[in-house]
Structures are given as C-alpha cells and as structure tokens.
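Residue numbering for the sequence shown follows the numbering used here, beginning at 3 and increasing consecutively. Even glycine gets a Cβ: it sits at the ideal position worked out from N, Cα and C. I have placed the structure first, in the form of structure tokens, so that the comments after it can refer back to it.
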Amino acid sequence: MYAVRLLARLKEAGRETHLVASPAGVLNVHHELGLDRKALEALADVAYNPADVGAAIASGSFAADAMVVAPCSMKTLASVAHGLSDNLLTRAADVALKERRRLVLMVRETPFNLAHLRNMTAVTEMGGVIFPPLPAFYHRPQSIDEMVDDTVERVLALLGVNEAAPKAWRGL
C-alpha cells in the first residue's frame, strides 16, 4: 500500500519514477491490494526486472534524486547493510549510498531482533534513513488510508518533494 501510494503521489508531483518490484513485493501487493505485477508496474514511469543488474539505475551515472524501498524486508535491509548487491534493488540502494543520495528504507517487520537493529544501525551510519511506517495517532486518523497518506507525506518531505503535505504537530 505504501509503495502504490508513493508512486501515485510522486506522479501527482510531476516526478519520474523507476520501480524495481521483488517477487516478494509483488506477492505483498497482490495479497494486500489485489494487483498483479503488470498493474503495479503500470503505476511507474519505468519498471525493471529485479534480475537486470545492468539496468540504468544500477550505475552512479544515472541521475536519481533519491530511492525509497517500500516496504523493506529484513532480507533487503541486511543486503543493503552488508553491500550485497545481488539484484537490481539492492544494487540501486548501494548506488544511492555510495553517491550520497537519499535512501529511505521503510522496514516493516516487527519485532526487531539484534541482527535487524545492527543492520539498521549500519545503514544509518552509511547515510540511509530507516523509516518504519508507524502511524501518527495524535492527528486522530479516521481510516487506514489516512494513516498511510500521513506516512507517505512524511516520506515525500524527507525526499525534498515540495508538494509534500505532512500534517505538522501544532503543540498541545
């Protein structure tokens, strides 16, 4: 749901999007939203096969502003933390880190074990942002869509998207 909403909001903001959907990601989007790979890929400007490590986004010469992994499995987190560029998704994340571009990992498995926490620390030390999609209840969301939208807007703000509209805390 987060990936689909991010793609929609980035399109609304006039940003070009490039998608790498892992087999597990496609399974999730099918289970959660009833979409297949083709429908998911249609939401992006460009879609890649995860095995295509020779794709444009696998190179630092590809001018990307930022990268978001939504959702980010613990396997992908571990691969990024340890520089295991064994598919296009993890290679593109490695490129984002080496080029000092914004990399946001929306980790979503809980509870965390020590390996997860150490991998999150490693990615953070390399310049990545660990962003578990935790809802902000102080805005009193009325639906799951509102919770997802609030999280997505916060991610967009992190990416520097001017059109982002996260709800600001106004104090007590």
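For L174, the number of other beta carbons within 10 angstroms of its own is below 16, and it is reported as exposed. Judged by DSSP in its simplified three-state form, P73 adopts strand. DSSP places V109 inside the beta strand (DSSP E), whose first and last residues are 104-109. Secondary structure at A95: helix, using DSSP grouped into helix, strand and coil. Each of A49, A10, P73, T112 was checked against the Cα of L105, and the nearest Cα belongs to P73. The three-state reading of DSSP puts L90 in helix, counting H, G and I together.
With contacts defined by Cβ atoms closer than 7 angstroms, L21 and P52 do not form a contacting pair.
The C-beta distance from V97 to A68 rounds to 12 angstroms, too long to meet the 8 angstroms contact threshold.
In the three-state DSSP reduction, V22 falls in the strand class (E or B). In the structure shown, the three-state DSSP call for A80 is helix. When rounded, the separation of the alpha-carbon atoms in W171 and P134 is 19 angstroms. By the Cβ-count criterion, A95 is buried, with 16 or more other Cβ atoms from all chains shown falling within 10 Å of its own Cβ.
For E111, the closest C-alpha among the options L12, I132, R11, R102 is that of I132.
DSSP places V154 within a helical segment (H, G or I) once states are collapsed to three.
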